[in-house]
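Quick note, the sequence shown lines up with residues 159 to 396 if you use our numbering.
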Amino acid sequence: MKLSVMTCVLGNPEELKDTFNSLLPYLDENFGWLIKATGSSDSFLKNFIHPFVTIIHQKDNSLYDGMNQGLFSLKSEYYFVLGAGDVGLDHAVRELKQSVSDQSSLFFSLIIKQSNHIGVPNPLELSIRMACPHPSTVYRVESSKSINGYDTKYLIASDYDHTSRYVKVYGNGSIYSDILVSYMGGGLSDIRSLEGYLEEELIRKRVWGVNDYQVYASMLQKGGIVASNVLIQIGNLS
Numbered sequence: 159m160k161l162s163v164m165t166c167v168l169g170n171p172e173e174l175k176d177t178f179n180s181l182l183p184y185l186d187e188n189f190g191w192l193i194k195a196t197g198s199s200d201s202f203l204k205n206f207i208h209p210f211v212t213i214i215h216q217k218d219n220s221l222y223d224g225m226n227q228g229l230f231s232l233k234s235e236y237y238f239v240l241g242a243g244d245v246g247l248d249h250a251v252r253e254l255k256q257s258v259s260d261q262s263s264l265f266f267s268l269i270i271k272q273s274n275h276i277g278v279p280n281p282l283e284l285s286i287r288m289a290c291p292h293p294s295t296v297y298r299v300e301s302s303k304s305i306n307g308y309d310t311k312y313l314i315a316s317d318y319d320h321t322s323r324y325v326k327v328y329g330n331g332s333i334y335s336d337i338l339v340s341y342m343g344g345g346l347s348d349i350r351s352l353e354g355y356l357e358e359e360l361i362r363k364r365v366w367g368v369n370d371y372q373v374y375a376s377m378l379q380k381g382g383i384v385a386s387n388v389l390i391q392i393g394n395l396s
């Protein structure tokens, strides 16, 4: 199999059916879906039985522990990761199936469903920020395994760490203008955004070697934006 989508789920999220329905027209011997499930009911998982869907129902210790379980079970050459409720978009999925070959990685755009904001990838800015949306980044399976997958000491931003280490070893890959994914949002990176930001700063220091003054500057800039927004809200209430 050439390409897989990997999805990790906790419990029985109904939104997973939207992801399944978006992928269903493309599932074949060269395009599969792996569901890594934790605490899901058998009756729920029966909704996704299909010749080209693999379901692994196994306990894990965290999201990224589950991601590693899925990664090291993949049988394809390439993969990308969708959350429950994320949707693959028709034209880009078709293009991806045709173009995925002999590349270190492929970077597509995504659209955030709640805001209609489009996230455009730029691997050259990874030392500054998470500049390549994780759900629309396509990796080589063996390359991800070779850098030991996802670092479980990060609970929220391990996708940034993984992409950073991957690009440092395997280069900037190929960038495509198409929007591959409609991203549902509402995951850990949204719910625990401050923790995610702090992890990102640690990753910039550990992976990209930024110095302490650069980290302080980034934190001051971030804090200034938050403070400004709070003052605007207080002013509007006055």
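C-beta: ideal position from N, C-alpha, C; glycine also.
Report the three-state DSSP secondary structure of residue 363 (helix, strand or coil).
-> Counted from its first residue, the sequence shown places residue 363 at position 205. Correct three-state label for residue 363: helix.
For residue 388, the first and last residue of its enclosing alpha helix (DSSP H) | On the sequence shown, position 230 is the one that residue 388 refers to. Counting along the chain, the alpha helix (DSSP H) containing residue 388 begins and ends at 370–395.
In terms of residue numbering, what span does the alpha helix (DSSP H) encompassing residue 225 cover?
-> Numbered from its first residue, the sequence shown carries residue 225 at position 67. Start and end: 221–229.
Pairing CB atoms from the segment 243–255 with CB atoms from the segment 162–176, are three or more of them under 8 Å?
-> yes
So with Cβ pairs under 9 Å, would you call residue 317 a contact of chain D?
-> Of the chains in the structure shown, none is chain D; there is only one protein chain.
Count the other C-beta atoms from every protein chain shown that fall within 10 angstroms of the C-beta of residue 318, then say buried if there are 16 or more, exposed otherwise.
-> Your numbering for residue 318 matches position 160 in the sequence shown. Result: buried.
Segment contact, 8 Å Cβ cut-off, at least three pairs: the segment 267–276 with the segment 336–346 | yes
Cα-Cα separation between residue 390 and residue 349, rounded to whole angstroms | Counting from one through the sequence shown, the residue named residue 390 turns up at place 232. Counting from one through the sequence shown, the residue named residue 349 turns up at place 191. Distance between the alpha carbons of residue 390 and residue 349 is about 22 Å.
Would the beta-carbon of residue 235 fall within 9 Å of that of residue 164?
-> The count along the sequence shown starts at 1 and reaches residue 235 at position 77. The count along the sequence shown starts at 1 and reaches residue 164 at position 6. Taking 9 Å as the Cβ cut-off, residue 235 and residue 164 do not qualify as a contacting pair.
Rounded to whole angstroms, how far is the Cβ of residue 301 from the Cβ of residue 328, which I believe are closer than 8 Å?
-> Position 143 of the sequence shown, counted from the start, is the residue given in the question as residue 301. Position 170 of the sequence shown, counted from the start, is the residue given in the question as residue 328. Residue 301 to residue 328, Cβ: 5 Å. Contact.
Alpha-carbon spacing of residue 192 relative to residue 316, whole angstroms | In the sequence shown, residue 192 corresponds to position 34, counting from 1. In the sequence shown, residue 316 corresponds to position 158, counting from 1. Cα to Cα, the separation comes out at about 20 Å.
Three-way DSSP call (helix, strand, coil) for residue 349 in this model | If you number the sequence shown from 1, residue 349 lands on position 191. Three-state DSSP puts residue 349 in a helix.
Residue 303 in three-state terms, based on DSSP | Residue numbering aside, residue 303 sits at position 145 when the sequence shown is read from its first letter. Three-state DSSP puts residue 303 in a helix.
Pairwise C-alpha distance: residue 392 and residue 296 | Indexing the sequence shown from 1 puts residue 296 at position 138. Indexing the sequence shown from 1 puts residue 392 at position 234. Between residue 296 and residue 392, the C-alpha separation is close to 43 Å.
Please report the residue range of the alpha helix (DSSP H) in which residue 257 lies.
-> To locate residue 257, count along the sequence shown from 1; it is residue 99. Counting along the chain, the alpha helix (DSSP H) containing residue 257 begins and ends at 248–257.
Is DSSP giving residue 354 helix, strand or coil here?
-> Along the sequence shown, read from residue 1 onward, the residue named residue 354 stands at position 196. The answer is helix: DSSP assigns residue 354 an H, G or I state.
Just the Cα atoms here: how many angstroms apart are residue 380 and residue 207?
-> The sequence position of residue 380 within the sequence shown is 222, counting from 1. The sequence position of residue 207 within the sequence shown is 49, counting from 1. If you take the alpha carbons of residue 380 and residue 207, they lie about 45 Å apart.
Within 9 Å, strictly: CB atoms of residue 332 and residue 238 = Here residue 332 is taken as the residue at index 174 of the sequence shown, counted from 1. Here residue 238 is taken as the residue at index 80 of the sequence shown, counted from 1. Against a cut-off of 9 Å, the Cβ pair of residue 238 and residue 332 comes out as no contact.
In angstroms, rounded to a whole number, what distance separates the CA positions of residue 308 and residue 223?
-> Residue mapping note: residue 308 aligns to position 150 of the sequence shown, counting from 1. Residue mapping note: residue 223 aligns to position 65 of the sequence shown, counting from 1. When rounded, the distance between both Cα atoms is 8 Å.
Excluding sequence positions up to five away, which residues of its chain have a Cβ less than 8 Å from the Cβ of residue 153?
-> For the chain, the structure presents residues 159 to 396; residue 153 sits outside this window and is missing.
With distances taken Cα to Cα, identify the nearest neighbour of residue 364 among 323, 161 and 184.
-> Residue numbering aside, residue 364 sits at position 206 when the sequence shown is read from its first letter. Cα-wise, what sits closest to residue 364 is 323.
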